[in-house]
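Written out below as structure tokens is the structure these notes cover.
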Amino acid sequence: MSTRREFLQKAGTAVVAGAVIASPLASLADTPPAQPTTTRPAGPIGFALPSLPYAYNALEPYIDATTMEIHHSKHHAAYVKGLIDAETAIATARSSGDFSLIQHLSRQVAFNYGGHYLHSMFWSIMAPYGNGGGGIPSGAIAEKIDVDFGSFDLFKKQFSAAALKVEGSGWGLLHYRPMDGKLVISQAEKQQDIALWGGTPIMGIDVWEHAYYLKYQNKRADYIEAWWNVVNWSAVSEYLTTATR
Ligand code: MN3
-3 MSTRREFLQK
7 AGTAVVAGAV
17 IASPLASLAD
27 TPPAQPTTTR
37 PAGPIGFALP
47 SLPYAYNALE
57 PYIDATTMEI
67 HHSKHHAAYV
77 KGLIDAETAI
87 ATARSSGDFS
97 LIQHLSRQVA
107 FNYGGHYLHS
117 MFWSIMAPYG
127 NGGGGIPSGA
137 IAEKIDVDFG
147 SFDLFKKQFS
157 AAALKVEGSG
167 WGLLHYRPMD
177 GKLVISQAEK
187 QQDIALWGGT
197 PIMGIDVWEH
207 AYYLKYQNKR
217 ADYIEAWWNV
227 VNWSAVSEYL
237 TTATR
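Taking this note's numbering as reference, the numbering of the sequence shown is continuous, increasing by one, and the terminal residue is 241.
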């Protein structure tokens, strides 16, 4: 059984600006898709593009291969590069004492870090339908959803509605909120705005148009409905376990 750590080890790596970046396509072209039972990253990803624990076409027909490839190898890769570039520029500012661009750079860190963080989670909480993806949760995560939302059906309706109504580009997210120990659904605008401080996202759906437009065009609701078929509940459960530890 392969883990995310093993995938990361298989991925080609290169050192850029002091950080390790995985080559986006290195591990996918010649590696057969693995059983996605454990897709949550086993350790720190760092500022590197994580390999997907499945092939680009593995989530079809719900998410098409072209969308997955562009989304992962172009969009997510750009957030990783943007994060490294911004961190590098801030380090340069510290050494030169010139903080004239600090507002811009702080925004760049928040935006690109948000993109890197959320996409890394996004890939890992999905799996092919019938092979880790879809169905309904079981065990502790199912009980927690029942307690905090009343039922899985009510949770699903609220989550779908939140994702649908994100204004512009953003995310529908499920957080564990340590202050009261509850699960809460939130909307993120872009990748960093209206965040819940201290909350730990344990699942989320990307509702930027780049996540669905090729297949679903303007029909975001259809994409959200299809997406439930590729949610990897065992991975979500692992995120919850880690968040509550
Ligand atoms: Mn995206």
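Built from N, CA and C at the ideal position, the CB exists for glycine as well.
Please read all numbers here as calculations on a predicted model, not as lab measurements.
query                                                                                                                                                                                 : result
Where does W167 sit, in a helix, a strand or coil, going by DSSP?                                                                                                                     : strand
Straight-line CA distance for I198 to L170?                                                                                                                                           : 6 Å
If you reduce the DSSP assignment to three classes, tell me which class G42 lands in.                                                                                                 : coil
For a test of the three-state rule: what should DSSP assign to D81, helix, strand or coil?                                                                                            : helix
Less than 8 Å between C-beta atoms, sequence neighbours within five positions excluded: which residues of the same chain meet that for I220?                                          : S156, A159, L160, G168, I201, V203
When you compare each of S91, F107, L97, E83 to A191 by their alpha carbons, which one comes out closest?                                                                             : F107
For S182, which beta-bridge partners are listed by DSSP?                                                                                                                              : L169
Grab the span of the alpha helix (DSSP H) containing M117 for me, first residue to last.                                                                                              : 98 to 120
Could you compute how far the alpha carbon of K215 sits from the alpha carbon of K140?                                                                                                : 31 Å
At a threshold of 7 Å, does H100 count as lining ligand 1 (C-beta to nearest heavy atom)?                                                                                             : no
Within the present structure, is the beta-carbon of W204 separated from the nearest heavy atom of ligand 1 by less than 7 Å?                                                          : yes
Quick check: G78 and Q99, are their CB atoms within less than 8 Å of each other?                                                                                                      : no
With a threshold of 7 Å, establish whether the CB of H71 neighbours any heavy atom of ligand 1.                                                                                       : yes
Do you know how far the Cα of M117 is from the Cα of Y212?                                                                                                                            : 22 Å
For Y75, name the three-state secondary structure that DSSP assigns.                                                                                                                  : helix
Does the segment 74 to 89 come into contact with the segment 144 to 155, if we say contact requires no fewer than three beta-carbon pairs (one atom in each stretch) closer than 8 Å? : no
In the DSSP output, what is T196 paired with across the bridge?                                                                                                                       : Y172
Using 8 Å for Cβ pairs, my map puts P124 next to V226. What's the rounded Cβ distance?                                                                                                : 7 Å
With DSSP as the reference, label A18 as helix, strand or coil.                                                                                                                       : The predicted position of A18 is uncertain, since its pLDDT is 39 and thus under 50; a value taken from the coordinates is nonetheless stated next. Strand at A18.
So the candidates are S47, I80, D81, A82; which of them puts its Cα closest to the Cα of H67?                                                                                         : S47
Counting only the same chain and skipping the five closest in sequence on each side, list residues whose C-beta sits under 6 Å from that of A89.                                      : F95
Tell me whether H115 counts as near ligand 3, meaning its Cβ is closer than 7 Å to at least one heavy atom of that ligand.                                                            : Summarising the ligand content, the structure contains ligand 1 and does not contain ligand 3.
So, R173 versus V162, is the Cβ gap smaller than 8 Å?                                                                                                                                 : no
For T63, count the other beta carbons within 10 Å of its own beta carbon; 16 or more makes it buried, fewer makes it exposed. Which is it?                                            : buried
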